Amino acid sequence: MKGVLYSLLILTLANAAQSQILQEGFHVPGTFPTAAAFGDVNGDGQIDFLQTYNAFTGQSPLNATKVWTNNGDSTFTLFGEFGTAVNEDIKLADMDNDGDLDAVTSSRIFLNDGTGTFTIGQYLGNDVWAVEVADFNEDGFMDVFCAVYNLQAEDKLYLSQGSAQSLILTQMPWTTGSYSSEATVVDINQDNHMDIIILKGNSPLQARRENEIWTGNGDGTFFKSPQMLPQVATWKVDSGDYNGDGTIDLVVVEADNLVRGYLNNGTSLFQNFTTLYSAEPASDVDLVDIDVDGDLDLVIAKFAFGTETYSSVVLFNDGNGNFTEGSEEFSISDTFDIEAFDIDNDNDKDLFTINVNDADSVFWINQTDPVLAINENEISNIALFPNPAKNFINLKFHNTAVSSVTLLSTLGNVQQHYSIDSDNFHLNIENLTPGVYYLKIALEDGKFQMNSFIKK
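Going letter by letter, the sequence shown gives residues -19 to -1, 1 to 437 in mature numbering (1 follows the signal peptide of the UniProt record, and there is no 0).
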């Protein structure tokens, strides 16, 4: 919706005395956008983004992935575009180990020359609804998993056989069923190997609706977990420790548009399946620390076919996994996808709503009160270096009692948790995908500090 006046939307915190503010920001025009990915694609230190489209069946310039570069003031300039195929998903990762972020779309890989200009790479296949990128065989090169939404096809796992100068992906046999609508990669059992959680869409065959956990062995092979997840058509998933017990939980959007939480019982098994939101039809869910209080809140996009329009909403976490809806909702149109990233580098998460049909996609800038925000320099006797870093980072604690350090993705998802028993901490980050990460440093007095670093 073009020409909409920017409005200031105030979300009342359930667990703070002050207000949380999301301010409507930059609008991104486009017809039938599907997904977005954030990262510095031109090497200027600013967070850019790429957006994919499904505007025309088959090949069409209307489907071209667009590259938007950051102007440094929370606005963006359309730098270029590439491709003509329909794409439902996109991720950014350094696929050829040349130090810049390449684009992995649901149709193929496009390689970056370091300036934000992309050229055609490996083809990934048809009917791919979701892509996930990680170093599954731990050889130092990024691999790709493709969730395929087709009753007659199988999901695909590609393991890189490339070098720093070239990229060759080899398709591996994958034994899961079809009609996969979504996937997420996370170390669910915390054994330092990446696992894959696969969600099934609305297959006409009930047996094909079995959501699955595939546990990684660290060598590119997986075994299917005996864990039984609900056999219900499921569209979206996010992962993170939302009840604060140190284990990875899941939140999903099921086909009945309910948001449910799958709580981890501490042994990598999910036994508590709880409805978290059912007031209006949900289309996406993200676990994001919106109010910067150290726990993961729920950001829910809403959309349903018909004449009614729904606004997105934030549900605030009390730290124990109990959620309370904010006093006001946001977005200008029905929304089917939300991304979270600190686009203005102020240590809080901003939101990007991808809206249906020909409505603009919109940035929502988090205006967290600095009193509530976690300041990296607030506790000056914790040092992090080097930053940016490629292989490792060090933490030194001077006259400060630290109990643990948790590595978080930009979305607030737990990657690793470490207990601390000395005044030095050395973290190997060689296998992390380039980008921005956060360290949640828990102090023994019950307080915590958030530090960010850039993985080159």
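Heads up, the beta-carbon is just placed ideally off N, CA and C, and yes, glycines get one too. Please read all numbers here as calculations on a predicted model, not as lab measurements.
Assuming residue i and residue j are in contact, meaning their beta carbons sit under 8 Å apart, how far apart are those beta carbons, in whole angstroms?
{"i": "A16", "j": "I335", "result": "7 Å"}
{"i": "F251", "j": "L231", "result": "7 Å"}
{"i": "S87", "j": "V109", "result": "4 Å"}
{"i": "F19", "j": "F30", "result": "5 Å"}
Span of the beta strand (DSSP E) holding residue i?
{"i": "G6", "result": "S(-1) to V9"}
{"i": "A84", "result": "D83 to T86"}
{"i": "K137", "result": "K137 to S141"}
{"i": "D265", "result": "A263 to V269"}
{"i": "N380", "result": "Counting along the chain, N380 falls outside any beta strand (DSSP E), and DSSP gives it neither H nor E."}
{"i": "I194", "result": "E193 to G197"}
{"i": "P14", "result": "P14 to G20"}
{"i": "Y104", "result": "F99 to Y104"}
{"i": "H174", "result": "First-last for H174: undefined, no H or E at that position."}
{"i": "S433", "result": "F429 to K436"}
{"i": "K421", "result": "G416 to L424"}
{"i": "E62", "result": "F57 to F63"}
{"i": "I90", "result": "R89 to N93"}
{"i": "A282", "result": "D278 to K283"}
{"i": "Q396", "result": "V395 to S400"}
{"i": "V294", "result": "V294 to N298"}
{"i": "L43", "result": "Unbroken run through L43: none, as it is neither H nor E."}
{"i": "L31", "result": "D29 to Y34"}
Residues in its own chain within less than 6 Å of residue i by CB, not counting five upstream and five downstream?
{"i": "A285", "result": "P262"}
{"i": "L244", "result": "D230 and N253"}
{"i": "E359", "result": "Any reading at E359 must be qualified, since the residue scores a pLDDT of 43, below 50, and its modelled position is unreliable; the value itself is stated next. Excluding residues within five positions, none has a Cβ falling inside 6 Å."}
{"i": "P10", "result": "D341"}
{"i": "E119", "result": "G199"}
{"i": "D339", "result": "T12"}
When burial is assigned at 16 or more other CB atoms within 10 Å of the CB, is residue i buried or exposed?
{"i": "I422", "result": "buried"}
{"i": "Q32", "result": "buried"}
{"i": "I363", "result": "buried"}
{"i": "E235", "result": "buried"}
{"i": "P14", "result": "buried"}
{"i": "K428", "result": "exposed"}
{"i": "A382", "result": "exposed"}
{"i": "P351", "result": "Any answer about P351 is weak, because its pLDDT of 39 lies below 50 and its placement is not dependable; what the coordinates show is given next. Per the 10 Å Cβ criterion, exposed."}
{"i": "Q(-2)", "result": "Unreliable positioning characterises Q(-2) in this predicted model, as indicated by a pLDDT of 34, which lies under 50. The coordinate reading is nonetheless provided below. Classification for Q(-2): exposed."}
{"i": "Y104", "result": "exposed"}
{"i": "F126", "result": "buried"}
{"i": "E289", "result": "exposed"}
{"i": "T128", "result": "The residue you asked about is not Thr; residue 128 is Ala in the sequence shown. Buried, because 16 or more other Cβ atoms sit within 10 Å of the Cβ of A128."}
{"i": "A115", "result": "buried"}
{"i": "A145", "result": "Here the model assigns A145 a pLDDT of 46, short of 50, so the residue's position is not dependable, and the following value carries that caveat. Counting Cβ neighbours within 10 Å, A145 comes out exposed, since fewer than 16 surround it."}
Keeping to the same chain, check which residues put their C-beta closer than 7 Å to that of residue i; ignore five residues upstream and five downstream.
{"i": "D267", "result": "D219, V280, I319, A321 and L392"}
{"i": "I435", "result": "N368, P369 and V417"}
{"i": "S385", "result": "H398, Y399, S400, I401 and A423"}
Near residue i, what residues of its chain come up, given a Cβ to Cβ distance below 8 Å and the 5 sequence neighbours on each side ignored?
{"i": "T58", "result": "W49, T50 and N52"}
{"i": "N372", "result": "N409, I410 and E411"}
{"i": "D75", "result": "D81, L82, D83, M123, T414 and P415"}
{"i": "N68", "result": "T15, A16, T33, Y34, N35, N44, T46, T86, S87 and S88"}
{"i": "A111", "result": "E69, D70, S87, C127, A128, S161, S162, E163 and A164"}
* **Segments of 3+ residues assigned as beta strand (DSSP E) that fall wholly inside the region 213 to 256** => DSSP assignment within the region 213 to 256 yields the following whole beta strand (DSSP E) runs of 3 residues or more, N-terminal first: 215 to 221, 230 to 235 and 240 to 245.
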